[in-house]
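Quick notes on the structure that follows.
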Amino acid sequence: MSAPAGTTRRFRIFRFKRGDDGHRYDEFDVPVHERTTVLEALRWVQLRKDPTLALRHSCFHASCGTCGVRVNGREGLGCVTALADVSGDTVTVEPIANLPVLNDLVADMAPFVDRFPAPHPNVRESEFLPQADTPDDVEGYGRFEDCIECGLCLSACPVAATDDTYVGPAALAYAQRMLEEARGTDREAILDWADSEAGAWRCHASFECTEACPSNVRPAQRIMALRKELGSRKKVSS
Amino acid sequence: MSVRRGADPGLDEIRKGREEAGPVPRKGVGPVAWFDIRRRGLGHFAFSLNRITGLGLVFYLYLHLAVLSTLLRGEDAWDSFLGVATSKFFLLLDVLLIFGLLAHGLNGLRLALVGSGRAVDQQKALYRSIQVIGTILLLGAALRLMGSE
């Protein structure tokens, strides 16, 4: 769908401020062109219509992971979600699900970060350096550090919708990444952490995390790999 | 070794402040998220159907026990139930039951495979395959059941 000059789209935006009895939706007509993104439209609303609208963003190019929202019920990064790809007359924008909402479209990411095992590797050796050859126990570098901690996977997970204790896709994918390239990390401790009711076994394999992930981390596939490893460990110990 | 991220004093202060500012709503809570398949992928459809058929099969289990208890009321009670059980409507319910068994059981096999780290990247193709196999089995069972009326 291309939008000719002068086209507007109706936005229905989730609103909540601390102290409010509940949330509401405000509607705005936003002028758009064929390449307008959801984030640009939200910024237009903030600058031209309602400066109290709270949203998070930083880089505008899908690398910071801060502008994750739900657009018409589907998770996405606002900065790379083109309105031309969003069907329907009205574009409903909500904060990501399964986390507390602090202010309008701003979710509290602390419970998301708290789920991660520690320590976790944020930096990997570059495959472009000759001295960074793949170790014997690593098939290949799967760029897990592509995870931008946007929380979209947790938002899309149906299990997390009903279970606050579930550590969630991102944290489990991190754990699997650590096993893949341990760099001195205590592998058994990581496996113990994942081998729990709230860990890898809580996943019900809906693969929505992988569908939602904007960075191709493929959390569901990593959770399954983690389970395979846990299964092998049980077989060995028994 | 602790595998939980260590508490950051700065973050703790922020969290305390947030808690003092009052409760916050949490989007997407509840089993509704299990069944809302709009704009979701095939995996979510499979997940939802597994939940629905699982609940249906649990219901059937208790219904089955209740039906069997008519035996305690004697031969006449059982014969009268059989009259109902062979009606077209009841046979259609049997077809629905078989659908639930196939959908749940075949998807269970897929989940057992995928969940143990096998054929993970083929999980969508696996689901399509079990849909085809399930449909063939269901059609066969339905024809046999309705033909036995």
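Taken in sequence, the protein lines are chains A and B. Everything in the first sequence is counted per this note's numbering, starting at 74 for the first residue and increasing by one. Everything in the second sequence is counted per this note's numbering, starting at 28 for the first residue and increasing by one. Where a beta carbon is used, it is the ideal one built from N, C-alpha and C, also for glycine.
Is residue i buried or exposed, if buried means 16 or more other CB atoms sit within 10 Å of its CB?
i	result
aspartate 314 of chain A	Chain A is shown only over 74 to 311; residue 314 of chain A falls outside these bounds and no answer can be derived.
valine 30 of chain B	Bear in mind that a pLDDT of 44 at valine 30 of chain B, under 50, signals an unreliable position, so the model cannot answer this.
asparagine 134 of chain B	buried
aspartate 259 of chain A	exposed
methionine 251 of chain A	buried
glycine 95 of chain A	exposed
threonine 163 of chain A	exposed
glutamate 270 of chain A	exposed
asparagine 171 of chain A	buried
proline 124 of chain A	exposed
phenylalanine 74 of chain B	buried
arginine 129 of chain A	buried
glycine 101 of chain B	exposed
leucine 150 of chain A	buried
serine 199 of chain A	Residue placement at serine 199 of chain A cannot be trusted, given a pLDDT of 49 that sits under 50; the coordinates are not used to answer.
threonine 238 of chain A	exposed
glycine 142 of chain B	buried
serine 107 of chain B	exposed
serine 279 of chain A	buried
Please list, in chain order, all residues of the same chain as residue i whose beta carbon is under 6 Å from its beta carbon, the five residues on each side excluded.
i	result
glycine 215 of chain A	Because glycine 215 of chain A carries a pLDDT of 48, less than 50, the predicted location of this residue cannot be relied on, and the following value inherits that uncertainty. Result list for glycine 215 of chain A: empty, nothing under 6 Å.
arginine 78 of chain B	Trp61
isoleucine 86 of chain A	Asp99 and Val166
arginine 295 of chain A	Ala246 and Gln249
phenylalanine 72 of chain B	Ile64
arginine 188 of chain A	Val240, Gly241 and Ala244
alanine 127 of chain A	Asn176, Asp177 and Val179
arginine 97 of chain A	Arg88
Please report the distance separating the alpha-carbon of residue i from that of residue j.
i	j	result
methionine 74 of chain A	valine 159 of chain A	Summary for methionine 74 of chain A: the model assigns pLDDT 45, below 50, so the residue's position carries little reliability; its value from the coordinates is reported in the next sentence. About 9 Å.
glutamine 158 of chain B	histidine 277 of chain A	19 Å
leucine 303 of chain A	alanine 112 of chain B	47 Å
serine 156 of chain B	glycine 68 of chain B	16 Å
threonine 283 of chain A	arginine 66 of chain B	14 Å
glycine 241 of chain A	valine 309 of chain A	27 Å
threonine 97 of chain B	glycine 127 of chain B	24 Å
cysteine 137 of chain A	proline 58 of chain B	31 Å
leucine 140 of chain B	phenylalanine 185 of chain A	29 Å
leucine 138 of chain B	proline 231 of chain A	16 Å
alanine 191 of chain A	tyrosine 89 of chain B	46 Å
asparagine 289 of chain A	cysteine 220 of chain A	8 Å
aspartate 93 of chain A	aspartate 148 of chain B	45 Å
glycine 146 of chain A	glycine 161 of chain A	12 Å
lysine 307 of chain A	alanine 146 of chain B	21 Å
histidine 134 of chain A	glycine 144 of chain B	33 Å
leucine 165 of chain B	serine 131 of chain A	53 Å
tryptophan 105 of chain B	histidine 91 of chain B	13 Å
alanine 233 of chain A	glycine 174 of chain B	46 Å
lysine 115 of chain B	isoleucine 125 of chain B	15 Å
leucine 109 of chain B	aspartate 103 of chain B	10 Å
aspartate 209 of chain A	glycine 257 of chain A	15 Å
valine 153 of chain A	glutamate 222 of chain A	16 Å
glutamate 261 of chain A	glutamate 254 of chain A	13 Å
phenylalanine 89 of chain A	leucine 84 of chain B	41 Å
glycine 44 of chain B	arginine 121 of chain A	31 Å
glycine 167 of chain B	glutamate 107 of chain A	51 Å
aspartate 236 of chain A	alanine 183 of chain A	17 Å
tyrosine 87 of chain B	alanine 93 of chain B	10 Å
serine 305 of chain A	aspartate 39 of chain B	38 Å
arginine 275 of chain A	leucine 136 of chain B	17 Å
If I measure Cβ to Cβ from residue i and keep anything under 7 Å in the same chain, skipping five residues before and after, which residues do I get?
i	result
alanine 169 of chain B	Val122
isoleucine 169 of chain A	Gly141, Val142, Arg143, Glu148, Ala180, Gly224, Leu225 and Ser228
leucine 172 of chain B	Leu118, Asp121 and Val122
cysteine 286 of chain A	Leu225, Cys226 and Pro292
alanine 273 of chain A	Leu245, Ala267, Ile296, Leu299, Arg300 and Leu303
valine 103 of chain A	Thr81, Arg82, Phe84, Ala114, Trp117 and Val118
isoleucine 263 of chain A	Pro190, Ala248, Met251 and Leu252
glutamate 281 of chain A	Ala229, Cys230 and Pro231
valine 174 of chain A	Phe89, Pro168 and Ala180
Please list, in chain order, all residues of the same chain as residue i whose beta carbon is under 8 Å from its beta carbon, the five residues on each side excluded.
i	result
alanine 130 of chain B	Leu76, Asn77, Thr80 and Gly161
leucine 156 of chain A	Ala76, Arg82, Val105, Thr109, Thr110, Val111, Ala114 and Val164
glycine 70 of chain B	Gln150, Lys151 and Tyr154
phenylalanine 101 of chain A	Arg83, Phe84, Ile86, Val118, Lys122 and Asp123
Is there at least one non-hydrogen atom of the ligand GTP closer than 7 Å to the beta-carbon of residue i?
i	result
glycine 110 of chain B	With respect to the ligand GTP, the structure offers nothing, as it holds no ligand at all.
Using a C-beta cutoff of 8 Å, does residue i count as contacting chain C?
i	result
alanine 234 of chain A	The chain inventory of the structure shown lacks chain C, comprising the protein chains A and B.
Can you list, in chain order, the residues of the stretch 255–285 of chain A whose Cβ is nearer than 7 Å to any Cβ on chain B? Asp259, Ala262, Ile263, Trp266, His277, Ala278, Ser279, Phe280, Glu281 and Glu284
In chain order, what are the residue ranges of uninterrupted alpha helix (DSSP H) at least 4 long that sit wholly in the stretch 114–199 of chain A? Runs of the alpha helix (DSSP H) inside the stretch 114–199 of chain A: 183–187.
Give the residues from the stretch 80–93 of chain B that approach chain A closer than 7 Å (Cβ to any Cβ), ordered along the chain. none
Taking only beta carbons into account, state which residues of the stretch 139–157 of chain B come closer than 9 Å to chain A, listed in chain order. Val141, Gly142, Ser143, Gly144, Arg145, Val147, Asp148, Gln150 and Lys151
Along the chain, which unbroken stretches of the alpha helix (DSSP H) at least 4 residues long are found entirely within the stretch 55–119 of chain B? Listed in chain order, they are 59–62, 69–95 and 102–112.
Beta strand (DSSP E) runs wholly inside the stretch 243–297 of chain A, at least 3 long, in chain order: For the stretch 243–297 of chain A, not a single whole beta strand (DSSP E) run of length 3 or above is found.
Which residues, in chain order, does the stretch 113–131 of chain A contribute to contact with chain B at a C-beta distance below 7 Å? none
Tell me which residues of the stretch 97–110 of chain B have at least one Cβ-Cβ distance to chain A shorter than 9 Å, keeping chain order. Under the 9 Å Cβ criterion, the stretch 97–110 of chain B contributes no residue.
Please list, in chain order, the residues of the stretch 293–308 of chain A that have any C-beta partner in chain B closer than 7 Å. Going along the stretch 293–308 of chain A in chain order, one finds Gln294, Met297, Ala298, Arg300, Lys301 and Gly304 with a Cβ nearer than 7 Å to chain B.
Check each residue of the stretch 141–164 of chain A: if its Cβ is closer than 7 Å to any Cβ of chain B, include it; give the result in chain order. Asn145, Gly146 and Arg147
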